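A.B. asks: First the structure, then my questions, so here it is.
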Amino acid sequence: MKQNDEMRRGSYRDREMRSRRRRERELRKTKMILINAAIALVVILIVFVVAIIKLNGKNNSGIKNYSDKNVSQKSSEKNKGKKDTAKKSKPTAAPTATVKEDNSMGSGSKKWIRKNLDKNKPMIALTFDDGPYTPVTSKILRVLKKYDSRATFFVVGNRVNAYSKVLKASYNMGNQIASHTFDHEDLSKMTKKQLSAEMTKTNNALQSVIGCHATLVRPPYGNISDVMRKNIKIPMMYWSIDTDDWKWRNAAKVLAECKNVKDGDIILMHDLYPSTAEAVKKLVPRLKKKGYELVTVDEMFYYKGIKAEAGKVYASGRQ
15 MKQNDEMRRG SYRDREMRSR RRRERELRKT KMILINAAIA LVVILIVFVV
65 AIIKLNGKNN SGIKNYSDKN VSQKSSEKNK GKKDTAKKSK PTAAPTATVK
115 EDNSMGSGSK KWIRKNLDKN KPMIALTFDD GPYTPVTSKI LRVLKKYDSR
165 ATFFVVGNRV NAYSKVLKAS YNMGNQIASH TFDHEDLSKM TKKQLSAEMT
215 KTNNALQSVI GCHATLVRPP YGNISDVMRK NIKIPMMYWS IDTDDWKWRN
265 AAKVLAECKN VKDGDIILMH DLYPSTAEAV KKLVPRLKKK GYELVTVDEM
315 FYYKGIKAEA GKVYASGRQ
């Protein structure tokens, strides 16, 4: 009897031991599952935060940096050249217009090409990408108006409606409104159909606000493909002087980049940064004092006798 009791107690202890070991294994397994789940959650949160940071960076700066690897004139003309001294001369008759108008939607070239300028005066075209942006664009417009000057604004289509008031003001002042595409994406990676959609959406946005379409386009990042050359129906614009204002965010450095300007230069800036507006406030009167006429790109081509063709690339008024 006593032996049976001991056997039962031994069997009970064995079962208890096995049960405890089983619970310990299950507990360890549960802990591992929880640890793995926590690690996975942390990874997901990190990916989410990185995505948000990238999205905010794109929306706030706008705008990726230009590679400009295709611009042959940038480096050669940026640091060369002597200061121009303006030539004073009597007004002469304007030449025959060379900028063709697309009557399918209505070009604004009649608005932004003045016919009473002196073609013998040296000319500079100030251009601004990535806007409009009222806090900065409006300051630039005030300076242009004060000095009876014009500029070309390469606008991003998806910003047009949000900043329609300042865009209208710019257009009504006689500034040229050109295209910087709708979404500011790399056109060189797009198909013919995608290109058409980008151009059409931008023109539709412009048509709804200022009643005309763009006669020029500046490809984001300066990238151009054969598909673009064959299918874009208006001239494509580069620049001869890049101020790097997006990088400097400093008016003095922007002005330094414009130190050696000369007749026919097309200057690249962005109407997104207060420092750019500050630079323009000093640059415009400085150029006017030297005798330069500050014109739209279409005006420059008009007076320089340049026949801008669809799908071709232009970087200055010295073609």
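Residues in the sequence shown are numbered consecutively from 15, following my numbering. For each residue, glycine too, the CB sits at the ideal point set by N, CA and C. Source: prediction; values computed, not measured.
1) Does any CB atom of chain B fall closer than 8 Å to the CB of E199?
2) What separation, rounded to the nearest whole angstrom, lies between the Cα atoms of G266 and M283?
3) Roughly how many angstroms separate the alpha carbons of G319 and G331, rounded to a whole number?
4) What residue range is occupied by the uninterrupted beta strand (DSSP E) comprising S193?
5) Alpha helix (DSSP H) containing D144: first to last residue?
6) Which of the three DSSP states is assigned to Y328 in this structure?
7) Per DSSP, which one or two residues make a beta bridge with F167?
8) Along the chain, where does the alpha helix (DSSP H) that runs through M314 open and close?
9) Check whether the region 157–164 touches the region 298–310, taking contact to mean three or more Cβ pairs, one atom from each stretch, closer than 8 Å.
10) Can you give me the Cβ contacts of E91 inside the same chain, cut-off strictly under 6 Å, excluding the 5 residues immediately before and after it?
11) Which first and last residues belong to the beta strand (DSSP E) in which I280 is found?
12) Beta-carbon separation of F167 and D279 under 8 Å?
13) How many angstroms separate the CA atom of S81 from the CA atom of T290?
14) Would you mind working out which of W262, E307, L308 and T310 sits nearest P288, comparing C-alpha positions?
15) Under the three-state reduction of DSSP, which class applies to I58: helix, strand or coil?
16) For the alpha helix (DSSP H) that contains D259, what are its first and last residues?
17) Based on Cα-Cα distance, which residue from K304, K247 and G188 lies nearest to K273?
18) Who are the Cβ neighbours of K96 in its own chain at under 6 Å, not counting the five residues just before and after it?
19) Taking Cβ positions, are R232 and H194 nearer each other than 8 Å?
20) What is the rounded straight-line gap between the Cα of K129 and the Cα of V180?
21) So for M46, helix, strand or coil by DSSP?
22) Give a yes or no on whether the C-beta atoms belonging to Y235 and A329 are separated by under 8 Å.
23) What does K308 pair with, by DSSP beta-bridge criteria?
24) In whole angstroms, what is the alpha-carbon distance linking N186 and G122?
25) Can you tell me whether I224 is helix, strand or coil according to DSSP?
26) Below 6 Å CB to CB, which residues in the same chain sit around G171 once its five sequence neighbours on both sides are set aside?
27) Quick one: residues in its chain with C-beta nearer than 6 Å to the C-beta of Y317, no 5 flanking neighbours on either side, listed in chain order?
28) If we ignore side chains and look at the alpha-carbon of each, how far apart do V85 and A183 end up?
29) Leaving out the 5 sequence neighbours to the left and right, which residues in its chain are closer than 7 Å to Y147 when beta-carbon positions are compared?
30) Report yes if the C-beta distance between A324 and I238 is below 8 Å; otherwise report no.
C.D. replies: Reading it off the structure:
1) Judged by its chain identifiers, the structure shown contains no chain B, having just a single protein chain.
2) Position check: residue 266 holds Ala in this sequence, whereas Gly was assumed. Each residue's Cα considered, the two are about 14 Å apart.
3) 9 Å
4) Q190 to S193
5) Element bounds for D144: n/a, residue is neither H nor E.
6) strand
7) F142 and I191
8) V311 to K318
9) yes
10) Low per-residue confidence applies at E91: pLDDT is 40, beneath 50, and the placement is therefore not dependable, though the value from the model is reported in the following sentence. Closer than 6 Å at Cβ, skipping near neighbours: S254.
11) I280 to H284
12) no
13) Unreliable placement is indicated for S81, whose pLDDT of 37 sits below 50; the coordinate value is still reported in the next sentence. When rounded, the distance between both Cα atoms is 20 Å.
14) W262
15) helix
16) D259 to W262
17) K304
18) Note on K96: pLDDT 38, under 50, position unreliable in the model; no value is reported.
19) yes
20) 25 Å
21) helix
22) no
23) Before going further, note that residue 308 is Leu rather than Lys in the sequence given. Paired residue(s): I138.
24) 10 Å
25) helix
26) F196, K215, T216 and A219
27) K133
28) Any reading at V85 is ruled out, since the residue's pLDDT is 41, under 50, leaving its predicted position unreliable.
29) Y177, D285 and L286
30) no
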